[in-house]
Amino acid sequence: MSPAPSKKSAGDRFRWTVLTLLFASTVINYMDRQILGILKPDLSRSLGWSETDYSSIVIAFQLAYAVGQLFCGPVIEWFGTRLSFAYAVVLWSLSAMAHGVVRGVSGFMAARFSLALGESANFPIAIRTVGEWFPAPERPFATGIFNAGTNVGAVFAPILVPLIAAWIGWRGSFIALGAAGFLWLIPWLMLYRPAQASGEPTAAGAAANAAPKVKVPWRRILATRAAWGYFATCILVGPVWWFYLFWLPDIFHKQFGLDMAAFGPPLVVVYGVTALGSIGGGWLSLWFSRLGASINLARKGALLICAVCTVSAIVAAHASHVWVATLCFSFAAAGHQGWSANMYSVTTDLFPKEGVAFVVGFGGTVAAIASVVFSYAVGHILQAHGGYAGILAFCGCAYVTALLIFHILVPRIEPVSLAA
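Mapping of the sequence shown onto the UniProt record's numbering: residues 1 to 420, in sequence order.
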């Protein structure tokens, strides 16, 4: 009987290796995604882009992301976590490198479209993997750790991109950062095995193996109030994060006259604080749980605190000093990431493992569609008026509104019944 504890201990250790790989993929994902926003002022000047040209390129990414998220659930079920992730990383890495050789708006739109198809798989796969390897109370914290990779990638990008661009030009920046995905593939293919096949079980993996494997029809999921409560939050808050990612460098450029090298430090601060928000938001839920709160109270309490933080975006629009704006955007973006860590975990609280990828994927689809509409509006507002105040007012109100709607549709966070 004595070997059992050591085997369990080995499984508990291995899950942190898995989480490290998820964190690293998310870092690379966001570096490849963030580079366009950092280069926007230079690309607009050198290639003659208008505000609507840039929004069209962003929209191409968001449309493909919507399509990819819609179909990634069935693809993951078909190929499995290990191969699905490998295929996705190959696609997005090649597409990221393609930005360095295309010419014109249409070429960038095609490269962004292909990039998004690959990148859309990252979060559904990562959330599914966390659900397999971590027990429910620890999932927000684990999700917060890999989700912090979005901010680490966004921190590295404004540091690396100006240096690489100064060395080998903006085309070389796309190619160099895009190649990083192929380096990640080596440990992923060598090390990763699903929880039930690794021979190193955890408590979460043992529970998953003990549970009967059932097919969850998507029609039953869409018939639940819980699903639409989650989708409603995606529609409201999804466009906000996309906006920060693609337009925040331009806000610092236009509002404070900073060039690519000068707005690097504020962006590093924003996304550095945001990384703490991602982990802190997940820790908040865990802390509430350890105090004896129910899953419902722990998740919603953490979501409320994160939503309040995002209101600072309204103040940022009227800041007269760059570091005041930086502080406001830091709180707003940190609030978003803390919100995401908890809301992603909510899907594993509400739905069985077999349905999580579909729920997250469909949520990503509706968020991307809403982001297309929002990006179109942003491009035309900026082309006509040039100001960000009204846009940031929406960003500051979106999360509190989303939480209210979610609470109305999902008064208690508990497993839903999908019986016929």
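Every residue gets a Cβ at the ideal spot worked out from N, C-alpha and C, and that includes glycine.
Under 8 Å, with one C-beta from each stretch per pair, do the region 131-149 and the region 262-272 reach the 3-pair mark?
They do not touch, by the three-pair rule.
Is DSSP giving residue 349 helix, strand or coil here?
Looking up residue 349 in the sequence shown gives position 349. Look at residue 349 here: in three-state DSSP terms it is helix.
Is residue 370 closer than 8 Å to residue 342 when the C-beta atoms are compared?
To locate residue 342, count along the sequence shown from 1; it is residue 342. To locate residue 370, count along the sequence shown from 1; it is residue 370. With respect to the 8 Å criterion, residue 342 and residue 370 are not classified as neighbours on the basis of their beta carbons.
What is the DSSP secondary structure of residue 216, counted as helix, strand or coil?
Here residue 216 refers to the residue found at position 216 when the sequence shown is read from its first residue. DSSP places residue 216 in coil when its eight states are reduced to three.
For residue 233, which of 359, 271, 81 has the nearest alpha-carbon?
Locating residue 233 in the sequence shown gives position 233, counting from the first residue. Taking only the C-alpha atoms, the option nearest residue 233 is 359.
Considering only C-alpha positions, which residue in the set 353, 173, 368, 316 is nearest to residue 231?
Along the sequence shown, read from residue 1 onward, the residue named residue 231 stands at position 231. With distances taken between Cα atoms, residue 231 lies closest to 368.
Could you give the residue range of the alpha helix (DSSP H) that holds residue 161?
In the sequence shown, the residue the question calls residue 161 occupies position 161. Start and end: 139-178.
Between the Cα of residue 142 and those of 47, 251, 128, spot the shortest distance and give me the residue it belongs to.
For the purposes of this step, residue 142 is taken as residue 142 along the sequence shown, with counting starting at 1. Per the C-alpha coordinates, the member of 47, 251, 128 positioned closest to residue 142 is 128.
Tell me the DSSP secondary structure of residue 260 in three-state form.
Mapped onto the sequence shown, residue 260 falls at position 260. In the structure shown, residue 260 sits in coil (DSSP, three-state: anything other than H, G, I, E or B).
Give me, in chain order, the residues of the same chain whose beta-carbon lies closer than 6 Å to that of residue 414; leave out the 5 immediate sequence neighbours on both sides.
As a position in the sequence shown, residue 414 is number 414, starting the count at 1. Result list for residue 414: empty, nothing under 6 Å.
Got a sec? Which residues, its chain only, sit under 6 Å from residue 21 by beta carbon, not counting five neighbours each side?
One-based indexing of the sequence shown puts residue 21 at position 21. A distance below 6 Å between beta-carbons, with the five flanking residues on each side excluded, links residue 21 to the following residues of its chain, in chain order: 188.
Any idea if residue 210 is buried or exposed, counting beta-carbon neighbours within 10 angstroms, 16 or more meaning buried?
Taking the first residue of the sequence shown as 1, we reach residue 210 at position 210. Its pLDDT being 48, under 50, residue 210 is placed unreliably by the model, and nothing is read from it.
Under 8 Å by Cβ, that's how I've got residue 121 and residue 72 pegged, so tell me the actual separation to the nearest angstrom.
If you number the sequence shown from 1, residue 121 lands on position 121. If you number the sequence shown from 1, residue 72 lands on position 72. That belief holds up - the Cβ atoms of residue 121 and residue 72 are roughly 5 Å apart, short of 8 Å.
Residue nearest to residue 140 in terms of C-alpha spacing, selected from 177, 240, 29, 288
One-based indexing of the sequence shown puts residue 140 at position 140. Nearest Cα to residue 140 within the set 177, 240, 29, 288: 288.
Of all the beta strand (DSSP E) runs that stay within the bounds of the region 43-77, which reach a length of 3 or more residues?
Listed in chain order, nothing qualifies, since the region 43-77 has no complete beta strand (DSSP E) run of 3 or more residues.
For residue 224, which of helix, strand or coil comes out of DSSP?
Against the sequence shown, residue 224 aligns to sequence position 224. Coil at residue 224, not helix or strand.
I need the straight-line Cα distance from residue 284 to residue 34, nearest angstrom please.
Within the sequence shown, the letter at position 284 stands for residue 284. Within the sequence shown, the letter at position 34 stands for residue 34. Cα to Cα, residue 284 sits roughly 28 Å from residue 34.
From residue 134 to residue 15, what does the alpha carbon distance come to, in whole angstroms?
If you number the sequence shown from 1, residue 134 lands on position 134. If you number the sequence shown from 1, residue 15 lands on position 15. So the two alpha carbons sit approximately 8 Å from each other.
Residue 59 versus 74, 176, 220, 247, residue with shortest Cα-Cα distance:
For this step, residue 59 is matched to residue 59 along the sequence shown. Minimum Cα distance to residue 59 is reached at 247.
Would you identify the three-state DSSP class for residue 119, choosing helix, strand or coil?
For the purposes of this step, residue 119 is taken as residue 119 along the sequence shown, with counting starting at 1. The three-state reading of DSSP puts residue 119 in helix, counting H, G and I together.
If you drop the 5 nearest sequence neighbours on each side, which residues of the same chain put their C-beta closer than 6 Å to that of residue 416?
For the purposes of this step, residue 416 is identified with residue 416 of the sequence shown, where counting begins at 1. Within the same chain, residue 416 has close Cβ partners 224, 226, 350.
If you count every other CB in all the chains shown that lies within 10 Å of the CB of residue 78, and 16 or more means buried, which is it?
Counting from one through the sequence shown, the residue named residue 78 turns up at place 78. Exposed is the call here.
I need the straight-line Cα distance from residue 65 to residue 84, nearest angstrom please.
Looking up residue 65 in the sequence shown gives position 65. Looking up residue 84 in the sequence shown gives position 84. Their Cα atoms are separated by approximately 16 Å.
Determine the contact status of residue 69 and residue 364, defining contact as a CB-CB distance below 8 Å.
Counting from 1 along the sequence shown, the entry for residue 69 is found at position 69. Counting from 1 along the sequence shown, the entry for residue 364 is found at position 364. Less than 8 Å divides the Cβ of residue 69 from the Cβ of residue 364.
I need the straight-line Cα distance from residue 101 to residue 166, nearest angstrom please.
Within the sequence shown, the letter at position 101 stands for residue 101. Within the sequence shown, the letter at position 166 stands for residue 166. Rounded to the nearest angstrom, the two C-alpha atoms are 17 Å apart.
Where does the unbroken alpha helix (DSSP H) through residue 402 begin, and where does it stop?
Here residue 402 corresponds to residue number 402 of the sequence shown, with the count starting at 1. Residue 402 -> alpha helix (DSSP H) spans 389-409.
Please state the DSSP three-state secondary structure of residue 412.
Reading the sequence shown from its first residue, position 412 is the one you call residue 412. Of the three classes helix, strand and coil, the one that applies to residue 412 here is coil, per DSSP.
When the Cα of residue 253 is compared with those of 31, 335, 40, 30, which residue comes out closest?
The residue labelled residue 253 in the question sits at position 253 within the sequence shown. Nearest of 31, 335, 40, 30 to residue 253, Cα basis: 40.
With a 10 Å radius around its C-beta and 16 neighbouring C-beta atoms as the bar for buried, classify residue 53 as buried or exposed.
Against the sequence shown, residue 53 aligns to sequence position 53. Buried, since its Cβ has 16 or more Cβ neighbours within 10 Å.
Collapsed DSSP secondary structure at residue 244 in the structure displayed
Indexing the sequence shown from 1 puts residue 244 at position 244. Residue 244 falls in the helix class under three-state DSSP.
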